[in-house]
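>
Protein chains: 2
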Amino acid sequence: MTPDRLKEIRGIDLFKNISDPSFAALTQAAYAQNFPPNVELITEGEPSDFLYIVISGSVELFANWGNNETTLATVWPVSSFILAATINKGPYLMSARTGEKSLIVMLPSEDVRQTFENDPEFAKSIVSELAKYYRAGLRNTKNLKLRTSKERLANYLLKTRKKNNDASQFLLKYEKRRLASYLGMTPENLSRAFASLKPLGVRVDGQKVTLDNLPALIEFAKPTRLIDG
Amino acid sequence: MTPDRLKEIRGIDLFKNISDPSFAALTQAAYAQNFPPNVELITEGEPSDFLYIVISGSVELFANWGNNETTLATVWPVSSFILAATINKGPYLMSARTGEKSLIVMLPSEDVRQTFENDPEFAKSIVSELAKYYRAGLRNTKNLKLRTSKERLANYLLKTRKKNNDASQFLLKYEKRRLASYLGMTPENLSRAFASLKPLGVRVDGQKVTLDNLPALIEFAKPTRLIDG
DNA sequence: CGGCAAATTGACTCATGTCAAGCTATGTGG
DNA sequence: CCACATAGCTTGACATGAGTCAATTTGCCG
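Quick mapping for you: the protein sequence lines, in order, are chains A and B.
Residue 181 in our numbering sits at position 181 of the first sequence, with consecutive numbering throughout.
Residue 348 in our numbering sits at position 119 of the second sequence, with consecutive numbering throughout.
Listed below in structure tokens is the structure:
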């Protein structure tokens, strides 16, 4: 791996406080690879042989049961995914596929566990990451169990607006079918949910979303930091 | 706190590898308290001042949004709860209430964080715990998003059967209304879900459940280690 | 420009929630 | 020890949320 790439990786929270020798040891056997869009990187159930890091592009984490599939998260650069499986030595509980052409770094899980054993600072970073993930997952569960699909969409739009510096107009980061799956509904239902939010000032044109009546949308969505962060 | 009690606490995974001085420091300011049934120990949104451990009784973890409430988990002795909030210094994302008369130990969060900073072995235990919780949460999300309520119930029954040493008859560990909330449905819907599983050999009488036709139930429930552990 | 996948729309079914009534079990106080 | 009160559970009737299937329409990419 090139020095630039290493520096890029080192910038993420997970490696912020890792010692230089630990980082060197950890990345020594790592390799970066380019993948075309829509390639399945891992499949749920497989042993967790690698920890993954997205350098560019994006990765969709999803799971199947019978004929159903659901999107659990989308990972954007620069971040790791599948950390808990690596730590736990358990099988992957999610599958992963590239959303677009992506550059991915793979760290052998055994090395991650070694480094975690030997470098207390790295262990602490892992703790922070896992606690963060756990809480994000908890919020997600509350969102699913306490809200209807329309309410989830409304809150998703408000959150996305915030990420876009409170712009009243922004682009959806991914396809509507993925968004639907992430929000726990069908694409058809998402279309109708968007239509039903029209009276609250939500206009959609392709990937472009405009929020014309923020107070009304907030009034309906009732966002809370205990779910929406 | 009495020596017995300390020994009991020390037995849980979280404290398995903690050093003696760390454990002493951690428990020095801890105190145990008896609570009557149905007492709210913590409320979501509050700062996470304590890490809790259930010594006897049980604790229900739940959350509210508007008029809706949902049960997220039930904690049985001897285990901790609210660990991620403690580590993260974030507000609690769940409320907790005793299900019955319960003995609860409270450890000041600041002490937990201190010990976590100073004792690498404790930090490693925390990592394991958090990874385990995270994965349990993930399984739960998959369960919710990929299955109908009947399927969730069927799989819950199979899991409970396994926990009861594969006995074909066992008692539900908690009230049906709590079970319904945990499984993400209304009590009415749970009643009907039970009724609809009757042809698959599921008989219910109060808290007593009998599974007469295991193959049929399994065939319907399609359990998988990637969701059901 | 053509072709394909995504998105939308309509009509319908099915799953789940809501409201109300009645039933059951359980524990308490007389 | 019984009777009542209370909360939980069940059942029915209905409303609403959400999924399914099919037919277009739209938009994008080669």
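Idealized CB from N, CA, C, for every residue including glycine.
Counting pairs of beta carbons, one from the segment 345-357 of chain B and one from the segment 236-256 of chain B, are three or more of them closer than 8 Å?
Verdict: yes, contact present.
> Quick one: list the residues of chain A neighbouring P349/B, beta-carbon separation under 7 Å, in chain order.
Residues of chain A passing the Cβ test: P120 and A123.
> Are at least three pairs of beta-carbons, each pair with one atom in the segment 153-172 of chain A and one in the segment 206-219 of chain A, less than 8 Å apart?
A contact exists between the segment 153-172 of chain A and the segment 206-219 of chain A.
> Could you give the first and the last residue of the continuous alpha helix (DSSP H) run that contains T141/A?
Here the alpha helix (DSSP H) through T141/A covers P120 to L146.
> Check the C-beta distance from A63/A over to S95/A and give it rounded, since I have them as a contact under 8 Å.
The pair is a contact, with the Cβ atoms about 6 Å apart (cut-off 8 Å).
> At a CB-CB cut-off below 7 Å, which residues of chain A make contact with Y362/B?
Within 7 Å Cβ-Cβ: Y134.
> Is any beta-carbon of chain B found at less than 8 Å from that of K142/A?
True, the Cβ-Cβ gap to chain B drops below 8 Å.
> Flag L171/A as yes if its beta-carbon sits less than 8 Å from any beta-carbon of chain B, otherwise no.
No - not a single Cβ of chain B is within 8 Å of the one on L171/A.
> Might you give, ordered along the chain, the residues of its own chain that have their beta carbon closer than 8 Å to the beta carbon of P265/B, omitting 5 neighbours on each side?
So the list reads T327 and K330, once near-sequence residues are dropped.
> Please list the partners that A63/A has in chain B, where partner means a Cβ-to-Cβ separation under 9 Å.
Residues of chain B passing the Cβ test: L367, T370, K371, K374, L375, L455 and I456.
> By the DSSP assignment, the alpha helix (DSSP H) with I333/B in it spans what residues?
Not the alpha helix (DSSP H): I333/B falls in the beta strand (DSSP E), residues S331 to P337.
> Report all residues from its chain with a CB closer than 7 Å to the CB of F252/B; omit the five preceding and five following residues, and keep chain order.
Excluding positions up to five away in sequence, the list reads R239 and F244.
> Is the segment 80-91 of chain A touching the segment 63-72 of chain A in the sense that three or more CB pairs, one from each, lie closer than 8 Å?
Touching, no, given that fewer than three Cβ pairs across the two stretches are closer than 8 Å.
> Is any beta-carbon of chain A found at less than 8 Å from that of L255/B?
Chain A, which has no Cβ nearer than 8 Å to the Cβ of L255/B, makes this no.
> Checking contacts by CB at 8 Å: is V75/A closer than that to chain B?
No, because no Cβ of chain B sits closer than 8 Å to the Cβ of V75/A.
> Out of L146/A, L190/A and R178/A, which one is the CA nearest neighbour of Y411/B?
Answer by Cα proximity: L146/A.
> With a cut-off of 8 Å, does the C-beta of V341/B fall near any C-beta of chain A?
Chain A, which has no Cβ nearer than 8 Å to the Cβ of V341/B, makes this no.
> Mind checking whether L446/B and G430/B have CB atoms under 8 Å apart?
Yes, these two residues count as a Cβ contact at 8 Å.
> If we cut at 8 Å on Cβ distances, does V356/B have a partner in chain A?
Yes, contact with chain A.
> Looking at the strands, I want to know which residues DSSP matches up with Q114/A.
According to DSSP, which records beta bridges pairwise, Q114/A is partnered with nothing at all.
> With burial defined as no fewer than 16 other Cβ atoms inside 10 Å of the residue's Cβ, what is the status of G458/B: buried or exposed?
That one is exposed.
> Assign Y134/A to buried or exposed, taking buried as 16 or more other Cβ atoms, counted over all protein chains shown, within 10 Å of its Cβ.
Its Cβ being crowded by 16 or more others within 10 Å, Y134/A is buried.
> Counting only beta-carbon atoms, is K159/A nearer than 8 Å to chain B?
No - not a single Cβ of chain B is within 8 Å of the one on K159/A.
> Let's test the definition: count the other Cβ atoms within 10 Å of the Cβ of N165/A and tell me whether it reaches 16, buried, or not, exposed.
Under this definition N165/A is an exposed residue.
> Please specify which runs of the alpha helix (DSSP H), each continuous and at least 4 residues long, are wholly inside the segment 267-302 of chain B, giving them in chain order.
Correct list: empty.
> Using a 10 Å radius around the Cβ and a threshold of 16 neighbouring Cβ atoms, would you call E273/B buried or exposed?
Classification of E273/B: buried, given that the 10 Å Cβ count is 16 or more.
> Would you report the Cα separation of N369/B and P250/B, rounded to the nearest angstrom?
Rounded to whole angstroms, N369/B to P250/B spans 37 Å at the Cα level.
> Tell whether a beta-carbon distance below 8 Å holds between A422/B and S378/B.
Yes. Within cutoff.
> Tell me the rounded alpha-carbon separation between R390/B and A85/A.
Straight-line Cα distance between these residues: approximately 27 Å.
> Can you look up N155/A in the DSSP assignment and give me helix, strand or coil?
Correct three-state label for N155/A: helix.
> Can you tell me where the alpha helix (DSSP H) with S95/A in it begins and where it stops?
Premise fails: S95/A lies in the beta strand (DSSP E), S95 to T98, not in any alpha helix (DSSP H).
> Would K353/B be called buried (16 or more neighbouring beta carbons within 10 Å of its own) or exposed?
Label assigned to K353/B: buried.
> Compare the C-alpha of N297/B against each of G413/B, K361/B, T256/B and S425/B and name the closest.
Here the closest residue by C-alpha is G413/B.
> For P320/B, which residues does DSSP report across the bridge?
Answer by DSSP bridge pairing, in chain order: P276/B.
> Sorry if obvious, but does the Cβ on T224/A come closer than 7 Å to a heavy atom of the ligand ATP?
With respect to the ligand ATP, the structure offers nothing, as it holds no ligand at all.
> Output the distance between the C-alpha atoms of L426/B and K388/B, rounded to the nearest integer angstrom.
The alpha-carbon atoms of L426/B and K388/B are separated by roughly 16 Å.
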